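Heads up, our numbering is the position in the sequence shown plus 86, with the first residue counted as 1.
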Amino acid sequence: EDTREVVEQAREVGLADVRTLETIQREVDFDDRGSRPSTAGVGHTGYLTFARLP
């Protein structure tokens, strides 16, 4: 809901090209065969919102 409010406010003040990206932080496991994302679950999720002046 916080992200929705940021997007709505950006649009209300006239900013253009408003976009939001989700970022997920998770551990990476390494072994003899290579590397892969850990199956232990998502550590943290964040959202980045970008906008431009018209």
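Glycine included, C-beta positions come from ideal geometry on N, C-alpha and C. This structure is a prediction, so every number in the text was calculated from the model and none was measured.
Buried or exposed: residue i, going by 16 or more other Cβ atoms within 10 Å of its Cβ?
i      : result
Ala102 : exposed
Ala96  : buried
What do you reckon, are the CB atoms on residue i and residue j nearer than 8 Å?
i      : j      : result
Leu139 : Leu107 : no
Gly132 : Glu113 : no
Arg124 : Asp115 : Looking at the sequence provided, one finds Ser at residue 124 rather than Arg. It is a contact, given that the beta carbons lie within the stated cut-off.
Our contact map puts residue i next to residue j with C-beta atoms below 8 Å; I'd like the distance itself, whole angstroms only.
i      : j     : result
Phe136 : Arg90 : Not really, about 15 Å apart at Cβ, beyond 8 Å.
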